[in-house]
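4 protein chains.
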Amino acid sequence: MTAAISSRLTDIRRRLHRFPEPAWREFRTTATLVEELRTIGVDELAVGSDAYDPDDRMAVPSESELAPWYSRAREAGVDEELLTRMDGGNTGVVAVLEQGAGPSIGLRVDIDGLFIEESTESGHHPQAEGFRSETGETMHSCGHDGHMTIGLGVLEAIKESDFSGTLTVFFQPAEEESGGGNPMAQSRFADGLDYLFAVHLGLDHPSGEVVAGIEKPLAMCHLTAEFIGTSAHAGKEPQQGDNAIQAMATAIQNIYGIPRHRDGMTRVNVGRADAGSASNVIAERAKIWGEVRGETTPLREYMKTEFERTLYAAAETHDCDVDFNIVSESPRADSDEELADIVYEVADGIESVDSPVRRAAFGASEDATFLMERVQEEGGLATYLIVGTDHPTSHHTPTFDIDERSLETGIDVLTDSILATADERV
Amino acid sequence: MTAAISSRLTDIRRRLHRFPEPAWREFRTTATLVEELRTIGVDELAVGSDAYDPDDRMAVPSESELAPWYSRAREAGVDEELLTRMDGGNTGVVAVLEQGAGPSIGLRVDIDGLFIEESTESGHHPQAEGFRSETGETMHSCGHDGHMTIGLGVLEAIKESDFSGTLTVFFQPAEEESGGGNPMAQSRFADGLDYLFAVHLGLDHPSGEVVAGIEKPLAMCHLTAEFIGTSAHAGKEPQQGDNAIQAMATAIQNIYGIPRHRDGMTRVNVGRADAGSASNVIAERAKIWGEVRGETTPLREYMKTEFERTLYAAAETHDCDVDFNIVSESPRADSDEELADIVYEVADGIESVDSPVRRAAFGASEDATFLMERVQEEGGLATYLIVGTDHPTSHHTPTFDIDERSLETGIDVLTDSILATADERV
Amino acid sequence: MTAAISSRLTDIRRRLHRFPEPAWREFRTTATLVEELRTIGVDELAVGSDAYDPDDRMAVPSESELAPWYSRAREAGVDEELLTRMDGGNTGVVAVLEQGAGPSIGLRVDIDGLFIEESTESGHHPQAEGFRSETGETMHSCGHDGHMTIGLGVLEAIKESDFSGTLTVFFQPAEEESGGGNPMAQSRFADGLDYLFAVHLGLDHPSGEVVAGIEKPLAMCHLTAEFIGTSAHAGKEPQQGDNAIQAMATAIQNIYGIPRHRDGMTRVNVGRADAGSASNVIAERAKIWGEVRGETTPLREYMKTEFERTLYAAAETHDCDVDFNIVSESPRADSDEELADIVYEVADGIESVDSPVRRAAFGASEDATFLMERVQEEGGLATYLIVGTDHPTSHHTPTFDIDERSLETGIDVLTDSILATADERV
Amino acid sequence: MTAAISSRLTDIRRRLHRFPEPAWREFRTTATLVEELRTIGVDELAVGSDAYDPDDRMAVPSESELAPWYSRAREAGVDEELLTRMDGGNTGVVAVLEQGAGPSIGLRVDIDGLFIEESTESGHHPQAEGFRSETGETMHSCGHDGHMTIGLGVLEAIKESDFSGTLTVFFQPAEEESGGGNPMAQSRFADGLDYLFAVHLGLDHPSGEVVAGIEKPLAMCHLTAEFIGTSAHAGKEPQQGDNAIQAMATAIQNIYGIPRHRDGMTRVNVGRADAGSASNVIAERAKIWGEVRGETTPLREYMKTEFERTLYAAAETHDCDVDFNIVSESPRADSDEELADIVYEVADGIESVDSPVRRAAFGASEDATFLMERVQEEGGLATYLIVGTDHPTSHHTPTFDIDERSLETGIDVLTDSILATADERV
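Protein chains in written order, with UniProt numbering: chain A, 1 to 426; chain B, 1 to 426; chain C, 1 to 426; chain D, 1 to 426.
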């Protein structure tokens with residue numbers, strides 16, 4: 001890869017980094033991708049509802065949550081025709097290269113940011129280099145800006161190669177909410193794929209490492225609960241209220257106390273809460289946003305069942321009702337050994353890769369498992385790979401960053417794996 | 001009072017009811033009052049920072065909380081010059097009638113609304129009659145729309161009477177946050193008042209009742225606490241987080257468990273909470289808005305001390321820090337018997353008053369106590385009075401409403417009391 | 001009163017202090033009283049089931065809780081015949097003096113100790129003087145040793161006086177559990193009483209004060225709850241347990257969070273808990289002992305209802321059942337002014353009384369209210385009085401003690417009040 | 001094995017089952033073992049402090065907890081000389097067979113029961129057959145009665161075999177408290193062992209299965225905490241108390257909420273609580289018994305650190321102190337493959353074994369790891385094996401039972417493994 005290309009990759013990544021958008025609100029991000037894809041030149045380019053059925057989406061925000069991001073994208077000059085196609089939060093794009101007879105190969109990258117306020121510390125690289133998030137409230141603190149860059153780079157490299165076959169790149173929205181995996185998996189673009197690659201940067205693997213295949217991605221479920229009580233004047237009639245905030249606190253305390261399980265790892269979190277109106281009013285409403293995970297799908301179901309029971313009982317401690325919703329879910333899916341081994345062999349031959357790794361466990365969840373499961377069900381092979389990158393702090397923290405040199409590594413490994421797959425066709 | 005006047009009072013009350021504004025954001029409300037006061041014609045009219053020293057305010061919201069209400073007021077056509085005077089949240093107005101030699105009399109009414117979404121039930125009178133709150137999120141559910149109407153009505157009646165002396169009406173912002181009482185009490189308008197009246201509608205007293213003087217208004221304190229932990233990926237590294245939401249839940253559970261006190265009534269509430277960012281991120285921040293009250297000032301101090309200690313310990317249970325703030329406070333102040341007795345005698349002679357009551361206990365707090373305390377310290381007399389009104393549900397609920405006929409009663413009782421005071425000067 | 005009498009009173013009090021026995025286990029205490037009453041010589045002396053119907057008792061301990069105290073009493077040499085009469089926990093004694101025509105007067109004193117380990121600090125008077133509790137686990141830390149002494153002293157003084165009428169002294173067990181008031185009130189000895197006196201030492205009133213009549217004794221209720229879950233191996237199968245200890249902790253947290261009430265004082269406590277078996281077994285059972293109180297009987301009922309609901313919901317948070325029991329209850333009953341005024345006048349004339357007080361509020365509960373209510377219902381008059389005594393620390397603490405000089409004061413006030421009542425018969 | 005032997009094994013097991021004794025109180029159990037060992041005839045027999053240094057013990061109960069079990073053993077006729085040797089809770093016995101030159105082999109079995117009340121359901125086999133626990137409060141619900149029987153059976157079988165070498169059987173007390181593993185591992189009997197076997201019945205493996213070697217026994221730690229507050233009268237002065245029961249509930253709620261860990265399995269439990277004295281006294285003291293476990297020793301340390309921090313913070317929420325103690329700990333130790341493989345081969349050749357298993361994970365903890373670690377450190381080999389047995393319900397439940405036919409299987413597998421080890425000496 002030339003220095004020019006390398007520099008261009010860095011530019012793209014930083015451009016995307018400056019405007020992180022949350023799940024189903026990646027309006028400006030999608031527009032940027034479309035612009036880059038048109039520059040590259042692809043054979044098919046489907047945006048939003050052209051790419052998938054909007055009804056298959058999960059974790060779609062409300063109109064009022066979508067609106068400000070839609071407005072910002074308009075203010076930033078996003079094309080009206082494109083905006084119209086994304087109306088209602090139908091973000092994301094699928095790009096296809098058709099280069100003759102050969103295998104049908106998929107690559108999936110994710111595109112959404114997180115509601116984390118990026119660090120302003122001078123030692124934080126994006127701050128020092130002037131490409132810190134400009135939104136104030138969101139951040140690419142999970143490397144999706146890098147994933148998109150890799151997706152674009154692979155498309156470009158394959159186009160310039162002598163690859164014979166079809167390459168489909170899924171730029172998937174709403175991974176953080178497990179909301180976009182399902183519509184992509186249900187779409188016509190996922191029909192008949194022979195091979196699927198999904199990629200992630202970092203995850204505690206340093207620059208120079210490439211992990212070929214993952215085991216044990218956690219099955220997961222996002223959920224919300226709203227406690228509904230009765231408001232009252234906290235000074236005059238404290239006994240008249242049914243206190244939704246007390247119900248919420250009781251729920252939170254007990255949700256974290258759901259027992260560990262003999263059969264394996266579980267996870268539980270309440271990551272957001274919004275309750276009540278004023279200090280002197282007993283809260284009528286309290287909403288929480290949570291998630292559960294399990295090393296297997298039954299373990300996730302165990303956690304979900306306990307979570308739900310706890311909610312109802314906690315509501316009852318303060319005579320409240322509760323409105324419980326499952327926002328989205330993703331299954332567990334493991335990597336196919338044959339395909340992972342190809343990645344391993346390829347990685348072993350690439351200079352920037354010091355230490356290829358044959359499989360690693362994966363403590364997180366990923367809705368790439370929807371696409372993996374679909375491909376595997378139809379007889380294809382799927383693998384997840386991790387491209388190591390030095391990251392100063394953990395994913396999902398305000399000072400997360402990637403080593404930009406790993407973008408090239410990612411593109412090289414994926415490009416060569418796609419080429420190898422076409423050659424060695426199983 | 002003529003039917004025409006009565007009808008006009010109702011109109012004013014309903015106009016104010018449609019645009020309830022929260023503490024220190026009563027921009028449109030203040031403009032409406034100024035308009036009405038100009039119609040009546042008063043001798044002095046001081047708005048915002050002309051009326052008091054902005055530094056004496058408590059519970060002032062942030063710039064970003066003020067901004068949307070300021071914008072709405074501008075969009076509603078509020079005069080730019082007036083808006084400028086209220087810039088930074090300096091709302092409220094003081095109006096003075098100078099009618100020759102005689103006593104200096106103060107009347108205090110409050111003007112702010114609450115963050116309660118008003119009911120849309122067809123049986124709810126403001127809904128049925130088309131004057132329900134148009135803001136979507138706020139409501140006059142404590143009768144302050146009526147208090148303002150009474151304040152205007154008394155000014156008008158006194159102006160038309162042969163009253164000799166000075167009448168100052170304090171249209172005070174931010175009562176619900178105990179934020180506006182102190183600046184009004186410190187202002188030049190509170191200097192040398194001989195008598196002070198403060199009035200409230202309802203409080204479980206039906207139409208036809210008037211309570212002359214109150215005992216035991218609770219001393220109170222509004223406070224906030226922000227728990228600051230460490231965010232982490234809830235799936236990959238749950239052990240890396242310092243969970244601000246768990247700290248918050250622990251605090252809430254234990255705050256409500258602060259022991260009752262031998263010496264009298266106490267109150268405690270956490271009325272609002274806002275925490276975290278996303279279901280899959282361990283929450284870095286969690287903020288609560290609370291209050292404590294006590295039958296005496298030492299009882300409030302007891303509650304405040306326990307509240308604060310609980311916060312710090314709860315933070316420590318999850319290795320978090322806590323940022324604790326006292327937003328505002330108000331003292332206890334009782335009504336002077338001599339002045340309350342005048343109100344009682346007057347009320348007993350008014351036709352619409354079935355049952356005058358000589359004193360009642362008061363379960364709530366009121367920052368009118370700042371003005372009362374100031375007047376009493378300077379040798380004047382102060383009393384609080386309650387004008388009964390049938391209200392279908394409790395104050396601070398979405399279906400609260402008043403019996404509009406009690407507006408006249410309130411105006412009559414206050415006007416006659418002011419006249420009587422001037423006559424019988426102690 | 002002579003120095004000899006005074007010295008004897010002190011001896012009796014200290015003897016009783018050394019062997020405090022808990023509710024319905026006052027075997028040795030009753031025997032000591034019987035011995036003293038025989039020395040004095042009374043006209044009727046009814047022990048245990050001769051004094052009341054055992055079925056009217058509340059808060060009766062189990063056989064296994066009674067047994068060790070019964071054994072200790074036997075080992076201490078209590079007469080077998082007396083033990084037989086007290087079998088099953090029928091402790092307490094009623095003594096009657098019949099001295100001719102005249103009013104029928106009742107005096108009620110309580111006799112039980114508390115499960116508090118008495119202080120061994122050298123500055124603690126009973127420790128220093130060698131009459132500290134010898135049981136190891138119980139203590140007279142509420143002054144009942146003094147109450148019994150006063151009861152005996154009054155009987156002796158009345159016997160030696162020219163009083164004409166009938167005096168019945170109720171030495172009532174199980175006051176601390178509100179268990180003995182009801183059977184005494186239902187007994188034949190309570191029939192047709194013209195006047196009833198009930199007495200307490202201390203309660204924060206210093207030596208030299210006598211409070212004639214109380215207001216607002218709290219209505220109260222003792223209750224227990226046992227959470228029943230499923231045990232499991234905490235290491236191997238944590239998910240198999242239904243954790244009764246988690247249910248209990250949830251209940252405790254929320255019980256203390258039952259809202260304060262507009263209408264007046266409430267109280268709530270969980271004073272004892274016993275749960276589970278071993279650190280590595282998920283607890284199958286957890287039991288709590290609690291109480292609620294209210295300034296009025298409806299306020300107690302409010303607390304009881306909330307307490308119960310909280311229990312069931314907390315059990316449900318951990319899929320447990322709950323077994324809820326009301327152990328005992330006592331009503332609120334106020335003192336009759338006429339009778340209290342007689343006490344006031346009498347106290348005012350006694351030298352050791354510096355400051356007679358006309359009525360005081362009473363933050364605690366008392367099952368003397370059963371007898372007071374019975375007498376008042378039948379047309380008699382009842383009053384409660386407090387004989388002040390300097391006490392170094394609060395009632396129910398390990399370093400509580402009384403000023404023994406107040407025993408004489410108590411006897412004098414009661415004796416003279418009884419005589420005065422007979423004279424001034426209403 | 002003949003029917004006669006089989007019947008005798010069953011008799012021994014049932015005899016032991018009837019008198020389960022908790023940790024360090026296995027006085028009668030030890031006496032029964034001594035009696036059986038004398039019948040068998042061994043070359044050395046060391047009881048209690050002859051077998052180990054009492055100071056190496058962990059989790060030793062207090063004198064008052066030991067006393068009733070010591071008395072019961074005396075009442076049951078245990079020899080006084082033996083009782084003296086066990087004074088202070090020095091229970092357990094080590095038996096040695098010296099049969100000439102050859103390897104030095106250890107076998108460790110555990111002997112203590114649990115504080116679980118055994119089921120009286122008619123379908124519960126020990127109830128139906130009349131050998132249910134006669135202690136009322138304790139039970140062999142983890143199969144230690146079977147382990148002891150196997151230990152005796154192996155000794156007998158080896159004695160009668162042509163085995164050449166030394167066999168030492170450790171009948172270890174206090175396994176449930178992780179208290180007895182350390183003193184056995186530090187004793188002279190553990191010096192220079194070439195091979196060590198430790199055995200457990202069941203653990204969800206059915207009759208016919210034998211698991212040769214375990215992986216991942218959890219490292220564990222037992223701990224206690226006593227919260228120390230201030231008592232007060234719950235009715236009169238609720239604000240005076242520092243409520244140890246509220247502190248305890250806060251601790252329990254948050255201890256179960258200690259975050260899961262990225263690096264592997266953790267466990268936490270509070271299995272017992274004892275707090276306060278009476279419903280109307282604010283609790284001065286509250287004690288909990290808990291445990292933490294981890295898949296690795298660092299994971300246990302993580303849990304221990306979090307547990308401890310939570311305790312101190314929870315105490316502070318109610319202004320209490322806390323007295324924290326580590327009762328006992330055991331490390332993780334894995335089985336050596338070479339030795340486990342011998343067991344596997346042997347098991348595969350035994351008729352009653354349907355399905356030998358080559359290694360299994362182990363969700364529980366075991367202080368056999370002390371002995372395993374010691375042997376491995378000195379260059380010997382150690383393995384843990386599980387002898388499957390049908391058990392109707394989980395270990396540590398009131399209806400746990402074993403399939404007595406598995407006793408023979410256990411003896412056969414261990415005897416043949418010992419013989420094979422001697423032959424094939426590595």
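Even for Gly, the Cβ is constructed at its ideal location relative to N, Cα and C.
Worksheet item: Between B/Asp416, B/Gly410, B/Pro392 and B/Ile418, which lies nearest to B/His125 when the distance is taken from Cα to Cα?
Response: Residue 125 of chain B sits at position 125 when you count from the first residue of the second sequence. Measuring from the Cα of B/His125, the nearest candidate turns out to be B/Pro392.
Item to complete: Could you name the residues of chain A that C/Tyr256 contacts, counting a contact when the two beta carbons are closer than 9 Å?
Response: The residue given as residue 256 of chain C occupies position 256 in the third sequence. The contacting residues do not exist; C/Tyr256 stays about 11 Å from chain A at best.
Worksheet item: Whose C-beta lies closer than 8 Å to the C-beta of C/Ala420 among residues of the same chain, with five residues either side of it excluded?
Response: Along the third sequence, one-based indexing puts residue 420 of chain C at 420. So the qualifying residues of the chain are Ile342, Glu345 and Val346.
Discussion item. Is the beta carbon of C/Asp242 closer than 8 Å to that of C/Thr230?
Written reply: The residue given as residue 230 of chain C occupies position 230 in the third sequence. The residue given as residue 242 of chain C occupies position 242 in the third sequence. Yes, the Cβ-Cβ distance between C/Thr230 and C/Asp242 is below 8 Å.
Item to complete: Mind listing the chain C neighbours of B/Thr317? Cutoff is C-beta to C-beta under 9 Å, in chain order.
Response: Position 317 of the second sequence, counted from the start, is the residue given in the question as residue 317 of chain B. Neighbours of B/Thr317 on chain C: none; closest Cβ ~13 Å, over 9 Å.
Worksheet item: Tell me the DSSP bridge mates of C/Met139?
Response: Against the third sequence, residue 139 of chain C aligns to sequence position 139. Answer is C/Leu114.
Worksheet item: Roughly how many angstroms separate the alpha carbons of B/Ala128 and B/Glu118, rounded to a whole number?
Response: For this step, residue 128 of chain B is matched to residue 128 along the second sequence. For this step, residue 118 of chain B is matched to residue 118 along the second sequence. Going by the C-alpha atoms only, they are around 12 Å apart.
Practice prompt. Please name the residue in D/Thr415, D/Pro398, D/Ile158 and D/Arg405 whose C-alpha comes closest to that of D/Gly136.
Written response: As a position in the fourth sequence, residue 136 of chain D is number 136, starting the count at 1. Cα-wise, what sits closest to D/Gly136 is D/Pro398.
Worksheet entry | Outcome for B/Asn325 when other beta-carbon atoms lying within 10 angstroms are tallied against a minimum of 16 | As a working note, residue 325 of chain B is residue 325 in the second sequence. Looking at its Cβ environment, which holds fewer than 16 other Cβ atoms inside 10 Å, B/Asn325 is exposed.
Worksheet item: Taking Cβ-Cβ distances shorter than 7 Å, what residues in chain A pair up with C/Ala314?
Response: Taking the first residue of the third sequence as 1, we reach residue 314 of chain C at position 314. The answer, in chain order, is Thr317.
Practice prompt. Helix, strand or coil for C/Phe131, going by three-state DSSP, please let me know.
Written response: Your numbering for residue 131 of chain C matches position 131 in the third sequence. Three-state result, C/Phe131: coil.
Worksheet item: Would you call the segment 183-190 of chain C and the segment 43-63 of chain C touching, i.e. three or more CB-CB distances under 8 Å?
Response: yes
Worksheet item: Would the segment 79-86 of chain B and the segment 40-48 of chain B be scored as touching if the rule is three or more Cβ pairs under 8 Å?
Response: yes
Fill in: Which residues DSSP lists as bridging D/Gly104, in chain order
Position 104 of the fourth sequence, counted from the first residue, corresponds to residue 104 of chain D. Looking at the sequence provided, one finds Ser at residue 104 of chain D rather than Gly. Paired residues: D/Thr166.
Fill in: C-beta neighbour in chain B for D/His261, strict 8 Å
As a position in the fourth sequence, residue 261 of chain D is number 261, starting the count at 1. Answer yes: the Cβ-Cβ gap between D/His261 and chain B drops below 8 Å somewhere.
Fill in: Inter-residue spacing [alpha-carbon to alpha-carbon] between A/Ala361 and B/Gln239
The residue labelled residue 361 of chain A in the question sits at position 361 within the first sequence. The residue labelled residue 239 of chain B in the question sits at position 239 within the second sequence. Spanning the two alpha carbons is a distance of roughly 17 Å.
Discussion item. Can you list, in chain order, the residues of its chain with a C-beta nearer than 8 Å to that of C/Val268? Leave out the 5 residues immediately preceding and following it.
Written reply: Counting from one through the third sequence, the residue named residue 268 of chain C turns up at place 268. The residues are Ile255, Tyr256, Ile258, Gly290, Glu291, Val292, Arg293, Met303 and Phe307.
Worksheet entry | Residue of C/Ala247, C/Thr389, C/Ala4 and C/Thr266 minimising C-alpha distance to C/Asp321 | The sequence position of residue 321 of chain C within the third sequence is 321, counting from 1. For the residues C/Ala247, C/Thr389, C/Ala4 and C/Thr266, the minimum Cα distance to C/Asp321 belongs to C/Ala247.
Discussion item. Can you find the residues in the same chain that come closer than 6 Å, C-beta to C-beta, to C/Ala286, ignoring five residues on each side of it along the sequence?
Written reply: For the purposes of this step, residue 286 of chain C is taken as residue 286 along the third sequence, with counting starting at 1. Cβ within range, chain order: Phe227, Ala244, Ile245, Met248 and Ala275.
Practice prompt. Return the CA-CA distance between C/Ser133 and D/Trp69, expressed in angstroms with no decimal places.
Written response: Position 133 of the third sequence, counted from the start, is the residue given in the question as residue 133 of chain C. Position 69 of the fourth sequence, counted from the start, is the residue given in the question as residue 69 of chain D. Near 28 Å, if we compare the C-alpha coordinates of D/Trp69 and C/Ser133.
Discussion item. In whole angstroms, give me the CA-to-CA distance for C/Thr149 and C/Leu407.
Written reply: Walking along the third sequence from the start, residue 149 of chain C turns up at place 149. Walking along the third sequence from the start, residue 407 of chain C turns up at place 407. Going by the C-alpha atoms only, they are around 7 Å apart.
Practice prompt. Find out if the Cβ-Cβ distance for the pair B/Ala368, B/Ala174 is shorter than 8 Å.
Written response: Indexing the second sequence from 1 puts residue 368 of chain B at position 368. Indexing the second sequence from 1 puts residue 174 of chain B at position 174. No; because the gap between Cβ atoms is not below 8 Å, this pair is not in contact.
Worksheet item: Are C/Ile402 and C/Gly208 touching if we call contact CB-CB under 8 Å?
Response: What you label residue 402 of chain C is simply residue 402 of the third sequence in a count that begins at 1. What you label residue 208 of chain C is simply residue 208 of the third sequence in a count that begins at 1. In this structure, C/Gly208 does not lie closer than 8 Å to C/Ile402 by Cβ.
Practice prompt. Measure the Cβ-Cβ separation of A/Ala95 and A/Val154 and say whether it is below 8 Å.
Written response: In the first sequence, counting from the first residue as 1, residue 95 of chain A sits at position 95. In the first sequence, counting from the first residue as 1, residue 154 of chain A sits at position 154. Against a cut-off of 8 Å, the Cβ pair of A/Val154 and A/Ala95 comes out as no contact.
Practice prompt. Write down the C-beta distance between D/Ser365 and D/Met139 rounded to the nearest angstrom, noting that I regard them as a contact closer than 8 Å.
Written response: Locating residue 365 of chain D in the fourth sequence gives position 365, counting from the first residue. Locating residue 139 of chain D in the fourth sequence gives position 139, counting from the first residue. Contact doesn't hold; Cβ gap of about 20 Å is too wide.
Worksheet item: Do the segment 157-174 of chain C and the segment 100-118 of chain C touch if we need at least three Cβ pairs shorter than 8 Å?
Response: yes
Discussion item. Can you pull the chain C neighbours of D/Ser231, defined as C-beta to C-beta under 8 Å?
Written reply: As a position in the fourth sequence, residue 231 of chain D is number 231, starting the count at 1. Within 8 Å Cβ-Cβ: Ile116, His396, Thr397 and Pro398.
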